[in-house]
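Quick note on my numbering: the sequence shown kicks off at 11 and runs consecutively.
Working notes, structure below.
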Amino acid sequence: MSNTGQRLQDEGSRLQVVTAGAVAGLISRFVIAPLDVVKIRLQLQSHSLSDPLSQVDLRGSPIYKGTLRTLKHIVENEGVTGLWKGNVPAELMYVSYAAIQFTMYRSTTMFLHRAFGPSHDGAGSRLPKAAESFISGATAGATATATTYPLDLLRTRFAAQGNDRVYTSLARAVREIHRDEGARGFFRGLAPGLAQIVPFMGLFFAIYEGTRQPLSELRLPFGSGDATAGMVASIVAKTGVFPLDLVRKRIQVQGPTRSRYVHKNIPEYAPGTLRTIRQILRREGIRGLYRGLTVSLFKAAPASAVTMWTYERALNFLISYDGVEKEKETGA
């Protein structure tokens, strides 16, 4: 067997990669759910905190200031369970997303190895390592985003609900969105979502693959450099594409239920990503495109660290377990 073939085999079978990716997404999502709710609430807050309240048409909307105070506000007004609003569609999305992402990343990497031939050391394709990681990461991210997007939209809408619930259940939300907005309603904001995820995942995997090995030689938390590499990669990539993430959230809550979420004064935006960006800039300034960035970075670091750390260990466990089972069969 060639070195490239052995390397890909060592990275696990397709089923093992899917399983490890799903486990990583499930655990990561549950851990960071409260920060995700806070981020969405801050992103949807269109009124500027620097403006006199007398000039702000709140229409009964809350005023969130900072991550900790927003957490406290949600708990006091909606209970602890308010921090996990939208967790069901989010868990489904993260499990599916992670499984599709890692599967596509591995499949694209294998395709690049076949298309360009193995490198001289057999550790990759003839493409530069950064280019290979970028292409694989961008392809994986775009595929996973488009496939799981309806769940992402449902997650945002549930997280945006206050005590006056817009949707009483996931099944009812699906029925009402389909009835009132049609199939296209499930894909509001997909354009900025794809525009965001391609450079984000490309940069993320390029930085992750480039820093994982050097960091693995250091004595770091979790026993390896996987978690730290994932953290560094996520922070750098997330900051660069954050405005598109905010635009995606604003577009996701457009439609007939726009004024019924916890922020009842969400503006109505003209169709199109660029038009939405211009409206936000005109109304809120450049800071408006970065609402929730701080908590997003706080969220991105542990989320990526937990995801990559869990994925690597789950995959290694599955590979080791499969090896033990094969040894038993051989011995028998």
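Cβ coordinates follow ideal geometry from the N, Cα and C atoms, glycine included.
This structure is a prediction, so every number in the text was calculated from the model and none was measured.
Membership of Gln53 in the alpha helix (DSSP H) is indicated by the continuous run 24-53. No Cβ-Cβ contact shorter than 7 Å links Gln111 with Ala141.
With fewer than 16 other beta carbons inside 10 angstroms of its own, Gly333 counts as exposed. A Cβ-Cβ contact shorter than 7 Å links Ala170 with Leu54. Scanning Phe168, Asn173, Pro277 for the CA closest to the CA of Ala181 turns up Phe168. Ser179 and Gly212 have their C-alpha atoms spaced approximately 35 Å apart. A distance of 7 Å or more separates the beta carbons of Phe252 and Gly147. Here Lys49 has Gly302, Val305, Ser306, Lys309 as same chain residues with Cβ atoms under 8 Å from its own Cβ, once five neighbours each way along the sequence are excluded. By the Cβ neighbour-count rule, Gln223 is exposed, with fewer than 16 other Cβ atoms within 10 Å of its own. Separation of the CB atoms of Leu163 and Arg198 is rounded to 6 Å, and the pair is thereby assigned contact status at 8 Å. Note that the C-beta distance between Ala34 and Thr238 is not below 7 Å.
The Cβ atoms of Val208 and Ala152 lie closer than 7 Å to each other. Listed in chain order, the alpha helix (DSSP H) runs fully inside the segment 109-190 are 139-169, counting runs of at least 4 residues. The way I'd put it, the segment 281-291 doesn't touch the segment 77-97; fewer than three beta-carbon pairs between them come closer than 8 Å.
With a cutoff of 7 Å on beta-carbon distance, Gly203 and Ala109 are scored as not near each other.
Annotation for Val263: Leu54, Thr166, Arg167, Ala170, Tyr271, Ile276 place their beta carbon closer than 7 Å to its own, counting only its chain and skipping 5 residues before and after. DSSP places Leu228 outside both helix and strand once states are collapsed to three, so it counts as coil. DSSP places Asp255 inside the alpha helix (DSSP H), whose first and last residues are 236-262. Here Tyr107 is near Thr158, since their CB atoms are less than 7 Å apart.
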